[in-house]
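In what follows, a structure is listed as structure tokens, so that the remarks can point back to it.
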Amino acid sequence: MYNFKEIEKKWQIFWEENRVFHAKNDSEKPKYYALIEFPYPSGTGLHVGHVRSYTALDAMSRMKRLQGYNVLFPMGWDAFGLPAEGYAIKNHIHPKEAVKENIKTFKGQLQNLGLSFDWSREFATTDPEYYKWTQWQFLKFYEHGLAYKAKKAINWCPNCKIGLANEEIEAGHCERCGGEVIQKEKEQWMLGMRSYAEELLEGLDDTNFLDKIKNAQINWIGKSKGALVDFSIFENSKQSLRVFTTRPDTLYGVTFMVIAPEHPLIKENQEKIKNMDEVRSYQEQTKRKNEMERGDLNKDKTGVKLDGLTAVNPITKENIPIFTADYVMMGYGTGAIMAVPAHDDRDYDFAMKFNLPIKRVIEGGELPYAGEGALVNSGFLNGISKKSDAIDKMVKYLEENHLGKQETTYRLQDWVFSRQRFWGEPIPMIYCDDCGWVPVPYENLPVVLPDVAEYEPTDNGESPLAKIKSWWEVDCPKCGKKARRETDTMPNWAGSSWYYLRYMDASNDKEFASMDALKYWGKVDWYNGGMEHATRHLLYARFWHRFLYNIGLVPFKEPFDVRVAHGMVLGENGEKMSKSKGNVVNPNAIVEEYGADTLRTYEMFMGDYEKEVAWSENGLKGSRRFIERVWKLQEMVTAEEEYSKELENLIHRTIKKVSDDFLHLKYNTVVSSLMILVNEFEKIGKISRKDYRTFLTLLYPIAPHITEELNEVCKLGKPLCMSPWPKFDEDKLTDEEFEVAVQVNGKLRGTIMVKKDDDEEVMKEKAINQENVKKHIEDKEIAKVIVIKGKIVNIVVK
RNA sequence: GCGGGUAUGGCGGAAUUGGCAGACGCGCUAGACUUAGGAUCUAGUGUCCUUGACGUGCAGGUUCAACUCCUGUUACCCGCACCA
Numbered sequence: 000m001y002n003f004k005e006i007e008k009k010w011q012i013f014w015e016e017n018r019v020f021h022a023k024n025d026s027e028k029p030k031y032y033a034l035i036e037f038p039y040p041s042g043t044g045l046h047v048g049h050v051r052s053y054t055a056l057d058a059m060s061r062m063k064r065l066q067g068y069n070v071l072f073p074m075g076w077d078a079f080g081l082p083a084e085g086y087a088i089k090n091h092i093h094p095k096e097a098v099k100e101n102i103k104t105f106k107g108q109l110q111n112l113g114l115s116f117d118w119s120r121e122f123a124t125t126d127p128e129y130y131k132w133t134q135w136q137f138l139k140f141y142e143h144g145l146a147y148k149a150k151k152a153i154n155w156c157p158n159c160k161i162g163l164a165n166e167e168i169e170a171g172h173c174e175r176c177g178g179e180v181i182q183k184e185k186e187q188w189m190l191g192m193r194s195y196a197e198e199l200l201e202g203l204d205d206t207n208f209l210d211k212i213k214n215a216q217i218n219w220i221g222k223s224k225g226a227l228v229d230f231s232i233f234e235n236s237k238q239s240l241r242v243f244t245t246r247p248d249t250l251y252g253v254t255f256m257v258i259a260p261e262h263p264l265i266k267e268n269q270e271k272i273k274n275m276d277e278v279r280s281y282q283e284q285t286k287r288k289n290e291m292e293r294g295d296l297n298k299d300k301t302g303v304k305l306d307g308l309t310a311v312n313p314i315t316k317e318n319i320p321i322f323t324a325d326y327v328m329m330g331y332g333t334g335a336i337m338a339v340p341a342h343d344d345r346d347y348d349f350a351m352k353f354n355l356p357i358k359r360v361i362e363g364g365e366l367p368y369a370g371e372g373a374l375v376n377s378g379f380l381n382g383i384s385k386k387s388d389a390i391d392k393m394v395k396y397l398e399e400n401h402l403g404k405q406e407t408t409y410r411l412q413d414w415v416f417s418r419q420r421f422w423g424e425p426i427p428m429i430y431c432d433d434c435g436w437v438p439v440p441y442e443n444l445p446v447v448l449p450d451v452a453e454y455e456p457t458d459n460g461e462s463p464l465a466k467i468k469s470w471w472e473v474d475c476p477k478c479g480k481k482a483r484r485e486t487d488t489m490p491n492w493a494g495s496s497w498y499y500l501r502y503m504d505a506s507n508d509k510e511f512a513s514m515d516a517l518k519y520w521g522k523v524d525w526y527n528g529g530m531e532h533a534t535r536h537l538l539y540a541r542f543w544h545r546f547l548y549n550i551g552l553v554p555f556k557e558p559f560d561v562r563v564a565h566g567m568v569l570g571e572n573g574e575k576m577s578k579s580k581g582n583v584v585n586p587n588a589i590v591e592e593y594g595a596d597t598l599r600t601y602e603m604f605m606g607d608y609e610k611e612v613a614w615s616e617n618g619l620k621g622s623r624r625f626i627e628r629v630w631k632l633q634e635m636v637t638a639e640e641e642y643s644k645e646l647e648n649l650i651h652r653t654i655k656k657v658s659d660d661f662l663h664l665k666y667n668t669v670v671s672s673l674m675i676l677v678n679e680f681e682k683i684g685k686i687s688r689k690d691y692r693t694f695l696t697l698l699y700p701i702a703p704h705i706t707e708e709l710n711e712v713c714k715l716g717k718p719l720c721m722s723p724w725p726k727f728d729e730d731k732l733t734d735e736e737f738e739v740a741v742q743v744n745g746k747l748r749g750t751i752m753v754k755k756d757d758d759e760e761v762m763k764e765k766a767i768n769q770e771n772v773k774k775h776i777e778d779k780e781i782a783k784v785i786v787i788k789g790k791i792v793n794i795v796v797k
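Below you can see the structure in the form of structure tokens.
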């Protein structure tokens, strides 16, 4: 009887004891680095969604090992983060204790699935031995001028007196108390990611990410070409207002200007602005809006005219009014725009609301009009109908007259790197009243999180660490005077920005990884993760890596070669699994009842790997039936050592298909082609030893335990984990004799049997004489016969 | 609005990349074995007016031949977004 519990445990122990999955750093074999995003070890444990992607990469790794690769398939824990901190606040337990527990549970669950991780390289981002190097790398950023302090708005709940992460806000309200969230300015550490925009864009050419992932990155970086134009302020010709525009060709149509409420021009001219009170209250109003409200496209335009300030259109020399409005953002371009209401929806809406002149400069449809057309009312640009020509000409004019210049901007922002939280890597900086910011000397790393009992943030928005004087009060490393440690910690994205490098040399206590190890493993060959990380995590990691490359600490420009994304596993009702909906499937319970091999097979078979798919209990049962049939095949094994004659070609085809499909994320058809093979074995009622061994090897990556066991029980050879991947013979992919379709005028009328070496004439002959085909061509004239060798015959009749 | 993607039986999904649409699985129907069946086995299962016709979101087109290529269109999903 098939006792999966015993069998699965037995082989898991066998693999571990024989260190089958331990990657070597000095192998003669070619390397293969398969990486799956490491999980946050939550208290709720493993999700069936984890099982899907982990099994996929496990299968890939197992196949690659049999194909002769030295495979690195590691696992670790992304263990900093809010949930552990929340748990700590509630229960007054140090988060590291909770994390330890959770990791234990999580790891046990992974091991029960028989995943072939190299556990000797396991670590957590919360290990001081790991975050020592995260801090070390931060200091490198600082050394190279890429880490700096700046005032940035944070989400602030005035009720709880706490800074909030975006995830803690629900529709503008605090998740805990329901109060309104406002923006509060705070000094924060930033990483200069924006200056890497072009490199991050161009680096994508060096990768083989799925197109949808590349596109998500390109969108996020948001490159746009245009021009900077300076408008002088009438009352004060020394001062000018600089705008960014992608359409300098419409400069003749500018009838007013708009600046962001945060724009410094307002403060600089507060004396001159006659309605300063009104402006101030508008600024206050804006501050209260969070990004979501401000970004709501459906709302009416609001704004205030800056009374007393006038700008001059540098081309027409006309005086035009300046407004401040929250539809212009300080964070993009220059925080100021030239408004062309005739050809921009937003400017048009604003002009209508405030009754401002609208001047058409492009011929075409109804206003506002944004299409192609010849320029009018535009002086030296009149009549030009090609947009790029007009832009070029205007930019040239601006540059010659020192009124502006060509410019490229990016949506990508610098990375806000401070969090006012306890459970993160301490930022290794010290503030001294005399020396300013001083980095913690390298030899004093890691800066370790203290053991305390209170994890509540302070009510002025500082990290809980700010309450622990014994921790933050230190001597300045430079002058020795009393100084203060930075009490902010790093964001959750920090530790996950370089973990793939650490796996290459996980126990190195001299360096984050040795250059030899980095050179040997190179790029991650295959990186799998969720679509939700296609922008942020993936960009942070690429930025971090490119920086290390630029300062000579890693040998490759890009960290990842192939990046793929799995689809979500939904509940049986087609909705996202959640406790409240009661549709959560617990992988543990499935392993208990059906075994890991059945669960793994089902998750690979359930659907297109890249698409989301609903869980199906019946589908799971179908996979169990398949696994049981595989088990029963052992009763049909003959003494024959070669492939059975009847199935030889099918087996060769299956080897090819399975090997290919694994590389193209087509795990579902891997399983289906193996099911077809089982159907055939059962049909002929016997299976040769070689048939069985090959079949078991092909199934091994997906269902490793049962296949190892059957291989042993039937004494077919060495354990599969130490055996070679089967090879197919190109000549044996097609049968000697096979069926070919015959069409008449493109419609299927019958089939004929043809031999492999039948030429076109023979096929034609056979086709014309086919019974049913004859009927359809009898009294008609044959105009043409198309014969595609080995595929189809089409007879065209009149 | 910009960028990307998807659409195939009752359901999940196949289709060697232009060559027999619906592989494989689920579900369903009938039968066998059985005290029993939510176990197992066998057969069937796209639709219809069933010698045949129709059929891959919709409308056209190219071709001997279109799920596949081209043009237009609709719906849904994802990313970005008052981004200037």
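Taken in order, the first sequence gives residues 0 to 797; the numbers are from numbering that gives the first Met the number 0.
The beta carbon of each residue, even a glycine, is placed where N, CA and C say it ideally should be.
Contacts around residue i, its chain only, beta-carbon distance under 7 Å, and the 5 residues preceding and following it disregarded
i, result
"R652", "L732"
"I88", "Y454, E455"
"L598", "V50, P586, I589, V590"
"N101", "P40, S41, G42"
C-beta atoms of residue i and residue j nearer than 8 Å
i, j, result
"K481", "D474", "yes"
"T750", "V761", "no"
"W520", "L71", "yes"
"L444", "Q134", "yes"
"L81", "R562", "no"
"L664", "Y699", "no"
"N214", "V180", "no"
"D306", "N274", "yes"
"K522", "F555", "yes"
"K763", "V753", "no"
"V795", "A782", "yes"
"Q182", "K266", "no"
"G75", "E121", "yes"
"S115", "R61", "yes"
Whole-angstrom C-beta distance between residue j and residue i, which should lie under 8 Å
i, j, result
"T54", "M530", "The Cβ separation is near 18 Å, so there is no contact."
"H342", "A373", "Not really, about 13 Å apart at Cβ, beyond 8 Å."
"K224", "D299", "Contact flag wrong, Cβ pair sits at about 31 Å."
"G221", "Y409", "6 Å"
"V677", "F625", "7 Å"
Cut-off 8 Å between Cβ atoms - residues of its own chain near residue i, not counting five sequence neighbours on either side
i, result
"G334", "I258, A259, E261, H262, V327, M328"
"V437", "M428, I429, Y430, C431, C475, P476, K477, A482"
"E798", "Given that the chain is displayed from residue 0 to residue 797, the structure contains no residue 798 and the question cannot be resolved."
"L719", "L65, L695, T696, Y699, P703, T706, E707, N710"
"G363", "G370, E371, G372"
"S231", "Q238, S239, L240, A310, V311, P313"
Limits of the unbroken alpha helix (DSSP H) element including residue i
i, result
"D596", "595-604"
"N527", "Here N527 belongs to no alpha helix (DSSP H); instead the beta strand (DSSP E) covers 523-529."
"E770", "770-776"
"A799", "Past the edges of the chain, shown from 0 to 797, lies residue 799, and the structure says nothing about it."
Segment limits, beta strand (DSSP E) that includes residue i
i, result
"L199", "No beta strand (DSSP E) contains L199, which is instead part of the alpha helix (DSSP H) from 196-201."
"F737", "736-743"
"D690", "Where D690 is concerned, there is no enclosing beta strand (DSSP E), although the alpha helix (DSSP H) it sits in stretches over 688-698."
"L715", "Careful: L715 lies outside any beta strand (DSSP E) and carries neither H nor E."
"T750", "746-754"
Close-in-space but distant-in-sequence residues of the same chain around residue i (CB under 6 Å, 5 per side omitted)
i, result
"A6", "Contrary to the premise, residue 6 reads as Ile rather than Ala in this sequence. Taken in chain order, the residues that qualify are H704, E708."
"N158", "C176, G178"
Check: residue i C-beta below 7 Å from any heavy atom of the ligand GTP
i, result
"S672", "In the structure shown, the ligand GTP is absent, as is every other ligand, since no ligand is present at all."
Open item on the list: Ignoring anything shorter than 3 residues, give me the beta strand (DSSP E) runs that lie fully in the region 243-317, in order along the chain.
Closed with: Inside the region 243-317, DSSP marks whole beta strand (DSSP E) runs of 3 or more residues at positions 255-258, 303-311, from first to last along the chain.
- [ ] Please list the segments of the beta strand (DSSP E) lying wholly inside the region 439-527, counting only runs of 3 or more residues, in order along the chain.
- [x] The region 439-527 is shown to contain whole beta strand (DSSP E) runs of 3 or more residues at 472-474, 481-484, in chain order.
Open item on the list: Suppose only complete runs of 3+ residues qualify. What are the beta strand (DSSP E) ranges in the region 62-114, listed by chain order?
Closed with: Counting whole runs of 3 or more residues, the region 62-114 contains the beta strand (DSSP E) stretches 69-71.
Open item on the list: Quick check on the DSSP output: what are the complete beta strand (DSSP E) runs of length 3 or more inside the region 126-173, in order along the chain?
Closed with: Entirely contained in the region 126-173, the beta strand (DSSP E) runs reaching 3 residues are, in chain order, 146-156, 161-163.
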